[in-house]
């Protein structure tokens, strides 16, 4: 069974901090994704990666960057956290044409 | 601009009855559609999908119907069970397995015992 693990369930940070959200998958999937989920807006794609060191912007990449140095790990970076980045962040992975598998999410609060 | 819309934020159904969740989309280039279920404090889990070459796909109690001309799809759950209570997200992409999924805003289903 696919396991997508997000390093923190809850995180509280301050405005201006650099924030790292980590995601690891154990199924050798080539594709990995970062979404944020907000009430009334559903899930919105921030960035995705289809291979090591490759990345593509999603719908809302502003204020975020990503890193994929190893196939199993995909990091989301908030360069300078702001209060409008308070959200639930979801990581997912997939292979080929198979559906995406999601982690349990990180609820991030920026104070 | 929301390309995938779920206009009903919530739905309540009696146990044993049919649940029908609806989804509309605006982009005629979408040709692959998925439904995900999400319990509180968990990530979404894949439920069922349908390609635009079909108009129906069935998996046990779950059936998805696609009406391409109306740009509408629906998820039917029969019979509904209390364990089906969750938020259901509809998603669409421009090709099967494409990386960029567009999600709806979700419908919270409550199945009353």
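Residue numbers (the working numbering), protein chains in the order written: chain E, 208 to 318; chain P, 2 to 114. For each residue, glycine too, the CB sits at the ideal point set by N, CA and C. All values reported here derive from a predicted model rather than from experimental measurement.
To the nearest angstrom, how far is it from the Cα of residue i to the Cα of residue j?
i	j	result
residue 6/P	residue 26/P	6 Å
residue 75/P	residue 248/E	19 Å
residue 315/E	residue 218/E	5 Å
residue 393/E	residue 221/E	Residue numbering for chain E in the displayed model covers 208 to 318; residue 393/E lies beyond these limits and cannot be assessed.
residue 214/E	residue 282/E	10 Å
residue 110/P	residue 62/P	15 Å
residue 270/E	residue 19/P	43 Å
residue 78/P	residue 101/P	27 Å
residue 319/E	residue 256/E	Missing from the structure shown is residue 319/E; chain E here goes from 208 to 318 and no further.
So what's residue i in DSSP terms, helix, strand or just coil?
i	result
residue 291/E	helix
residue 17/P	coil
residue 266/E	coil
residue 258/E	coil
residue 233/E	coil
residue 249/E	strand
residue 32/P	coil
residue 85/P	helix
residue 55/P	coil
List the whole-angstrom C-beta distance separating residue i from residue j, where the pair is believed to meet the contact cut-off of C-beta under 8 Å.
i	j	result
residue 208/E	residue 42/P	Their Cβ separation, rounded to whole angstroms, is 19 Å, which puts residue 208/E and residue 42/P out of contact at 8 Å.
residue 289/E	residue 245/E	Going by Cβ atoms, the distance from residue 289/E to residue 245/E rounds to 14 Å, so no, they are not a contact pair.
residue 94/P	residue 31/P	7 Å
Comparing alpha-carbon positions, which option in the options lies nearest residue i?
i	options	result
residue 317/E	300/E, 265/E and 287/E	287/E
residue 259/E	265/E, 239/E and 246/E	239/E
residue 81/P	32/P, 2/P, 47/P and 16/P	16/P
residue 92/P	71/P, 14/P and 38/P	38/P
residue 307/E	35/P, 2/P, 58/P and 86/P	35/P
By DSSP's criteria, residue i is part of a beta bridge. Which residues make up the other side?
i	result
residue 283/E	228/E and 273/E
residue 60/P	63/P
For the ligand ZN, I want to know if residue i counts as a neighbour, meaning its beta carbon is within less than 7 Å of at least one of the ligand's heavy atoms.
i	result
residue 55/P	Within the structure as shown, the ligand ZN is missing, as the structure has no ligands at all.
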